[in-house]
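The block underneath contains the structure these notes are about, expressed in C-alpha coordinates.
In C-alpha coordinates form, the structure reads like this:
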(Lines of atoms letter the chains of each structure in order from A and count residues from 1; the text may use other names and numbers.)
(Lines give C-alpha, C1' and ligand atoms only; values in the text may rest on other atoms or scores of the structure.)
Protein backbone atom coordinates (compact mmCIF):
# COMPACT_ATOMS: atom_id res chain seq x y z
CA UNK A 1 0.00 0.00 0.00
CA UNK A 2 1.07 3.52 -0.76
CA UNK A 3 1.03 5.92 2.10
CA UNK A 4 -0.94 9.13 1.67
CA UNK A 5 1.50 12.00 1.74
CA UNK A 6 0.23 15.53 2.18
CA UNK A 7 1.87 18.13 0.00
CA UNK A 8 1.75 21.88 -0.01
CA UNK A 9 2.19 24.51 -2.67
CA UNK A 10 5.74 24.98 -1.38
CA UNK A 11 6.58 21.48 -2.61
CA UNK A 12 5.56 22.32 -6.18
CA UNK A 13 8.49 24.33 -7.50
CA UNK A 14 8.76 25.22 -11.14
CA UNK A 15 12.06 24.93 -13.03
CA UNK A 16 13.14 28.44 -12.08
CA UNK A 17 12.69 28.14 -8.34
CA UNK A 18 13.89 24.64 -7.57
CA UNK A 19 17.34 23.38 -6.72
CA UNK A 20 20.50 25.17 -5.84
CA UNK A 21 21.13 28.73 -6.91
CA UNK A 22 24.05 27.49 -9.01
CA UNK A 23 21.74 25.35 -11.14
CA UNK A 24 19.12 28.05 -11.79
CA UNK A 25 19.13 29.19 -15.40
CA UNK A 26 17.66 32.53 -16.45
CA UNK A 27 14.84 32.66 -18.94
CA UNK A 28 14.65 35.30 -21.66
CA UNK A 29 11.95 37.93 -21.15
CA UNK A 30 9.51 38.19 -24.06
CA UNK A 31 9.52 42.01 -23.83
CA UNK A 32 13.11 43.15 -23.17
CA UNK A 33 14.84 39.89 -24.25
CA UNK A 34 17.14 39.92 -21.20
CA UNK A 35 17.65 36.82 -19.07
CA UNK A 36 16.06 36.91 -15.64
CA UNK A 37 15.52 34.35 -12.89
CA UNK A 38 12.51 36.28 -11.53
CA UNK A 39 9.84 35.98 -14.18
CA UNK A 40 6.19 35.11 -14.67
CA UNK A 41 4.33 33.25 -17.36
CA UNK A 42 2.96 35.53 -20.06
CA UNK A 43 -0.47 34.50 -21.37
CA UNK A 44 -1.37 35.52 -24.90
CA UNK A 45 -4.39 37.45 -23.64
CA UNK A 46 -2.06 39.94 -21.91
CA UNK A 47 0.14 40.58 -24.95
CA UNK A 48 -1.35 44.01 -25.67
CA UNK A 49 -0.48 45.22 -22.15
CA UNK A 50 3.19 44.70 -22.94
CA UNK A 51 3.06 46.15 -26.46
CA UNK A 52 3.29 42.77 -28.16
CA UNK A 53 1.08 40.92 -30.63
CA UNK A 54 -0.53 37.63 -29.65
CA UNK A 55 1.26 35.87 -32.53
CA UNK A 56 4.67 36.90 -31.12
CA UNK A 57 4.11 35.08 -27.83
CA UNK A 58 5.06 31.42 -27.61
CA UNK A 59 3.50 28.83 -25.34
CA UNK A 60 6.35 29.09 -22.83
CA UNK A 61 6.80 32.89 -22.97
CA UNK A 62 7.74 34.65 -19.76
CA UNK A 63 8.04 38.28 -18.70
CA UNK A 64 10.59 39.61 -16.19
CA UNK A 65 9.58 41.38 -13.01
CA UNK A 66 10.85 44.77 -14.24
CA UNK A 67 8.77 44.71 -17.44
CA UNK A 68 5.72 43.53 -15.50
CA UNK A 69 6.03 46.40 -13.02
CA UNK A 70 6.36 48.90 -15.88
CA UNK A 71 3.20 47.51 -17.51
CA UNK A 72 1.26 47.68 -14.24
CA UNK A 73 2.45 51.24 -13.62
CA UNK A 74 1.21 52.33 -17.04
CA UNK A 75 -2.23 50.81 -16.38
CA UNK A 76 -2.76 52.47 -13.01
CA UNK A 77 -2.43 56.24 -13.05
CA UNK A 78 -2.98 56.41 -9.29
CA UNK A 79 -0.97 54.55 -6.71
CA UNK A 80 -2.67 51.24 -5.78
CA UNK A 81 -1.53 51.53 -2.15
CA UNK A 82 -4.45 52.97 -0.13
CA UNK A 83 -2.25 54.76 2.43
CA UNK A 84 -0.04 56.44 -0.16
CA UNK A 85 -0.32 60.26 -0.01
CA UNK A 86 -0.14 60.46 -3.82
CA UNK A 87 -3.05 58.04 -4.32
CA UNK A 88 -5.72 60.72 -4.41
CA UNK A 89 -4.55 62.04 -7.76
CA UNK A 90 -4.42 65.66 -6.62
CA UNK A 91 -1.61 67.44 -8.32
CA UNK A 92 -0.43 70.76 -7.05
CA UNK A 93 -0.47 73.31 -9.83
CA UNK A 94 2.63 75.29 -10.58
CA UNK A 95 2.70 78.86 -9.30
CA UNK A 96 2.18 81.46 -12.00
CA UNK A 97 3.60 84.94 -12.22
CA UNK A 98 1.52 87.83 -10.94
CA UNK A 99 -0.19 89.86 -13.68
CA UNK A 100 1.90 92.81 -14.83
CA UNK A 101 -0.99 95.27 -14.30
CA UNK A 102 -0.82 94.57 -10.54
CA UNK A 103 2.59 96.23 -10.44
CA UNK A 104 1.00 99.50 -11.62
CA UNK A 105 -1.54 99.53 -8.76
CA UNK A 106 -0.95 101.94 -5.87
CA UNK A 107 0.74 100.35 -2.85
CA UNK A 108 -2.08 101.26 -0.42
CA UNK A 109 -4.44 98.80 -2.17
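Numbering (this note's numbering), first residue to last: 599 to 707.
Every residue gets a Cβ at the ideal spot worked out from N, C-alpha and C, and that includes glycine.
If you draw a 10 Å sphere on the C-beta of residue 657, you find fewer than 16 other C-beta atoms in it, and that means exposed. Scanning 633, 659, 627 for the CA closest to the CA of residue 641 turns up 659. Take residue 626, set aside five residues on each side of it, and the residues of its chain with a beta-carbon closer than 6 Å to its own are 633, in chain order.
Assignment of residue 669 by DSSP, reduced to helix, strand and coil, places it in the helix class. Note that the C-beta distance between residue 637 and residue 662 is below 8 Å.
Under the DSSP assignment, residue 637 falls in the beta strand (DSSP E) whose first and last residues are 637-639. In the DSSP assignment, residue 661 falls within the unbroken beta strand (DSSP E) covering 660-662. Its chain contains 645 as the residues whose beta carbon lies nearer than 7 Å to that of residue 651, once the 5 sequence neighbours on both sides are disregarded; these appear in chain order.
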